[in-house]
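A.B. asks:
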Amino acid sequence: MQRPLSRRRFIGATAAAAALPAAPNLDAIEPAPPAKPVSISSANGLATTARAVKLMAGGGDTLEAVVSGVNIVEADPKDMSVGYGGLPNEDGVVELDSCCMHGPSFNAGSVASIRDIKLPSRVAQLVLKRTDHVMLVGEGARRFAIAHGMKAENLLTDAARRQWLSWKENLSDRDDWLSAREAAAGHEARPTGTITCLGLNPAGERSGVTTTSGLAYKIPGRIGDSPIIGAGLYVENAVGACGATGRGEAVIISCGSRIVVENMRHGMSPAEAVEDVLQRIVKQTVDPRLLDKKGRPDFEVVLYALRKDGKHAAGSIYKGRQYAVNEGAGSKLHDCLHILDR
Ligand code: GLY
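Numbering (the working numbering), first residue to last: 5 to 346.
This is the structure we're talking about:
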């Protein structure tokens with residue numbers, strides 16, 4: 005039975021409610037979903053968004069559409085930041101991270117530090133569909149993928165091995181192990197390419213996926229933002245979706261994608277939502293090790309937002325980035341907003 009409110013509790017509760025801003029009515033702020041499917045992705049996702057839109061236009065589920073889209077890049081040995089052909093960890097072993105979210109069921113799946121499996125986004129999708137869990141890591145994720153019939157194979161291409169060997173041969177102090185002296189000194193920026201893809205259909209259903217081989221030459225077991233729900237990806241059917249690429253550590257600490265979606269819930273446009281989080285990342289980067297000579301972050305983060313009505317934006321800390329968009333008339337690159345010039 006519910007207890008009646010005492011006068012003191014009633015006054016406290018109404019005062020607290022009065023202090024809160026009114027919850028925005030999203031249906032009033034935003035029009036209906038777009039008439040045609042929309043997909044956005046990082047700049048390496050032109051073919052990805054084309055495939056995602058084609059599948060959604062044919063009535064395919066939004067999650068299947070975006071995962072199928074990123075599979076093109078995961079399987080491509082020439083993209084050295086994702087899946088097969090990705091740059092390895094410091095031991096020369098490729099370790100992959102991926103997560104996905106399905107808006108209609110508000111469910112997620114994720115794998116981190118998985119080895120030997122070419123399409124980690126497919127494993128993340130299986131975690132979502134065929135387990136009662138959200139995340140599997142390392143050897144457990146690999147065994148789960150093999151149990152589902154996926155082939156274990158060596159993902160290190162000759163080109164990636166040669167780049168890793170050259171890094172190892174010239175290693176000196178440019179790895180991720182910080183001595184007490186290095187912890188107070190500089191930071192060595194290394195490739196952190198990734199692909200993220202978001203899709204929205206005319207029924208207002210949306211899904212997203214992010215997948216990567218992570219930071220090149222990372223400490224084995226290092227996990228970036230890409231497999232972390234709320235960091236490398238966040239999707240809410242009623243509001244919008246966001247994916248991230250760039251320095252995973254900064255996206256994890258800022259809970260980047262989750263905050264972008266939260267900003268849109270509170271009425272910000274996709275561009276405003278992204279810009280706000282990038283500004284926060286710049287402001288919160290105070291460790292001198294991570295700053296350039298001008299006192300600004302010496303790394304990049306890119307955030308990609310797709311609102312429930314199909315409006316989209318992407319933003320980077322520094323000028324010069326682009327993102328892929330497909331709204332039914334072919335995939336094109338659009339400029340990202342930026343908050344700092346180099
Ligand atoms: N954003 C990819 C990573 O940091 O691993």
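We treat Cβ as the ideally placed atom computed from N, Cα and C, and that holds for glycine.
#1: Taking 8 Å as the threshold (C-beta atoms), are L67 and C104 in contact?
#2: State yes or no: is the C-beta of T289 nearer than 7 Å to some heavy atom of ligand 1?
#3: Should P37 and P206 be called a contact, given that it needs their Cβ atoms to be closer than 8 Å?
#4: Buried or exposed, going by whether 16 or more other CB atoms sit within 10 Å of the CB of N75?
#5: Report the residue from S211, A220, G212 and H338 whose alpha carbon sits nearest the alpha carbon of G324.
#6: Which two residues bound the contiguous alpha helix (DSSP H) that contains T52?
#7: Buried or exposed: E331, going by 16 or more other Cβ atoms within 10 Å of its Cβ?
#8: Mind checking whether C201 and S43 have CB atoms under 8 Å apart?
#9: Alpha carbon to alpha carbon, how far is T216 from K262? Give it in angstroms, no decimals.
#10: If you count every other CB in all the chains shown that lies within 10 Å of the CB of N158, and 16 or more means buried, which is it?
#11: Excluding the 5 residues preceding and the 5 following E173 in the sequence, name in chain order all residues of the same chain whose CB lies nearer than 8 Å to its CB.
#12: Would you say the beta carbon of D101 is closer than 7 Å to some non-hydrogen atom of ligand 1?
#13: In the DSSP assignment, what are the bridge partners of D339?
#14: Return yes when at least one heavy atom of ligand 1 lies under 7 Å from the C-beta of G203, else no.
#15: With a threshold of 7 Å (Cβ to nearest heavy atom), would R269 be considered close to ligand 1?
#16: At what residues does the beta strand (DSSP E) containing I44 begin and finish?
#17: Since D280 is in the beta strand (DSSP E), which residue starts that stretch and which ends it?
#18: CA-CA distance, D313 and Y88?
#19: For ligand 1, is there a heavy atom less than 7 Å away from the beta-carbon of R251?
#20: Could you pull the start and end residues of the alpha helix (DSSP H) that D162 belongs to?
#21: Grab the span of the alpha helix (DSSP H) containing I76 for me, first residue to last.
#22: Between which two residues does the alpha helix (DSSP H) containing A254 stretch?
#23: Let me know the secondary structure DSSP gives V127 once reduced to three states.
#24: Going by DSSP, what residue range makes up the alpha helix (DSSP H) through G144?
#25: Taking the alpha-carbon positions, what's the L344 to D302 distance?
#26: Please list the terminal residues of the continuous beta strand (DSSP E) segment that includes I199.
#27: Does DSSP put R262 in a helix, in a strand, or in coil?
C.D. replies: Quick answer:
#1: Taking the sequence shown and counting its residues from 1, the one referred to as residue 104 is at position 100. Taking the sequence shown and counting its residues from 1, the one referred to as residue 67 is at position 63. Yes, they are a contact pair.
#2: Along the sequence shown, one-based indexing puts residue 289 at 285. Not under cutoff, so the answer is no.
#3: Residue 37 sits at position 33 when you count from the first residue of the sequence shown. Residue 206 sits at position 202 when you count from the first residue of the sequence shown. Going by C-beta atoms, P37 is nearer than 8 Å to P206.
#4: Residue 75 sits at position 71 when you count from the first residue of the sequence shown. Burial call: buried.
#5: Along the sequence shown, one-based indexing puts residue 324 at 320. With distances taken between Cα atoms, G324 lies closest to H338.
#6: As a working note, residue 52 is residue 48 in the sequence shown. Unbroken alpha helix (DSSP H) run through T52: L50 to A61.
#7: Translated into the one-based positions of the sequence shown, residue 331 becomes position 327. Classification of E331: buried, given that the 10 Å Cβ count is 16 or more.
#8: Taking the first residue of the sequence shown as 1, we reach residue 201 at position 197. Taking the first residue of the sequence shown as 1, we reach residue 43 at position 39. By the CB criterion at 8 Å, C201 and S43 fall inside the cutoff.
#9: Here residue 262 is taken as the residue at index 258 of the sequence shown, counted from 1. Here residue 216 is taken as the residue at index 212 of the sequence shown, counted from 1. Looking at the sequence provided, one finds Arg at residue 262 rather than Lys. C-alpha separation (whole angstroms): 19 Å.
#10: For this step, residue 158 is matched to residue 154 along the sequence shown. Burial is judged here by how many other beta carbons sit within 10 angstroms of a residue's own beta carbon; N158 has fewer than 16 and is exposed.
#11: Residue numbering aside, residue 173 sits at position 169 when the sequence shown is read from its first letter. None.
#12: Position 97 of the sequence shown, counted from the first residue, corresponds to residue 101. Flag set: Cβ of D101 near ligand 1.
#13: Your numbering for residue 339 matches position 335 in the sequence shown. The bridge partners DSSP lists for D339 are Q326.
#14: In the sequence shown, counting from the first residue as 1, residue 203 sits at position 199. No; taking the cut-off as 7 Å, the Cβ of G203 has no heavy atom of ligand 1 nearer than that.
#15: Along the sequence shown, one-based indexing puts residue 269 at 265. Ligand 1 has no heavy atom closer than 7 Å to the beta-carbon of R269.
#16: Along the sequence shown, read from residue 1 onward, the residue named residue 44 stands at position 40. Looking at the DSSP string, the run of the beta strand (DSSP E) that includes I44 is V42 to S46.
#17: In the sequence shown, residue 280 corresponds to position 276, counting from 1. Counting along the chain, no beta strand (DSSP E) covers D280; the unbroken alpha helix (DSSP H) around it starts and ends at P274 to Q288.
#18: Residue numbering aside, residue 313 sits at position 309 when the sequence shown is read from its first letter. Residue numbering aside, residue 88 sits at position 84 when the sequence shown is read from its first letter. Taking the straight line joining both Cα atoms gives about 35 Å.
#19: The count along the sequence shown starts at 1 and reaches residue 251 at position 247. Yes.
#20: Position 158 of the sequence shown holds residue 162. Going by DSSP, D162 is part of the alpha helix (DSSP H) stretching over D162 to E173.
#21: Translated into the one-based positions of the sequence shown, residue 76 becomes position 72. Taken as a continuous stretch (DSSP letters only), the alpha helix (DSSP H) holding I76 covers T66 to E78.
#22: One-based indexing of the sequence shown puts residue 254 at position 250. Note, A254: alpha helix (DSSP H), G252 to S258.
#23: Taking the sequence shown and counting its residues from 1, the one referred to as residue 127 is at position 123. Reduced to three states, the DSSP call for V127 is helix.
#24: The residue labelled residue 144 in the question sits at position 140 within the sequence shown. Counting along the chain, the alpha helix (DSSP H) containing G144 begins and ends at G142 to A151.
#25: The sequence position of residue 344 within the sequence shown is 340, counting from 1. The sequence position of residue 302 within the sequence shown is 298, counting from 1. Their backbone Cα atoms lie some 11 Å apart in a straight line.
#26: Numbered from its first residue, the sequence shown carries residue 199 at position 195. Element bounds for I199: I199 to L204.
#27: Along the sequence shown, read from residue 1 onward, the residue named residue 262 stands at position 258. Reduced to three states, the DSSP call for R262 is helix.
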